[in-house]
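Per the working numbering, the very first residue in the sequence shown carries number 450; after that it's consecutive. Step one of this worksheet: look at the structure below.
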Amino acid sequence: MFKKFNNLSKSAFAALLMLSLYPSKVLSDWDALNMREGVTQVSRDVFELHMLIFYICVAIGAVVFSVMFYSLFR
Numbered sequence: 450m451f452k453k454f455n456n457l458s459k460s461a462f463a464a465l466l467m468l469s470l471y472p473s474k475v476l477s478d479w480d481a482l483n484m485r486e487g488v489t490q491v492s493r494d495v496f497e498l499h500m501l502i503f504y505i506c507v508a509i510g511a512v513v514f515s516v517m518f519y520s521l522f523r
């Protein structure tokens, strides 16, 4: 168990090290990740619907991953 955790921590450290070497690539276009809010009322309504569905997906993902990690580590 500890050997597997040790390998995992080494892999995580290596990934963080690689990401720290290329911060411009990681954060180059952060604003393009989300839908932008529009000017018209219809586009604002679509944006609100988009964000509502996004938050629902985030909540479902949080529940699924918490159950998965609970099942793995109990």
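Note that CB positions come from ideal geometry on N, CA and C, so glycine has one too.
Check, Outcome
"For the alpha helix (DSSP H) that contains residue 493, what are its first and last residues?", "490-522"
"Tell me which residues share the same chain as residue 496 and place their Cβ nearer than 8 angstroms to its Cβ, disregarding the 5 neighbours each side in the sequence.", "484, 485, 486, 487"
"Is residue 505 near the ligand GDP, with its Cβ less than 7 angstroms from a heavy atom?", "Because no ligand of any kind appears in the structure shown, any question about the ligand GDP cannot be addressed here."
"Can you list, in chain order, the residues of its chain with a C-beta nearer than 6 angstroms to that of residue 461? Leave out the 5 residues immediately preceding and following it.", "none"
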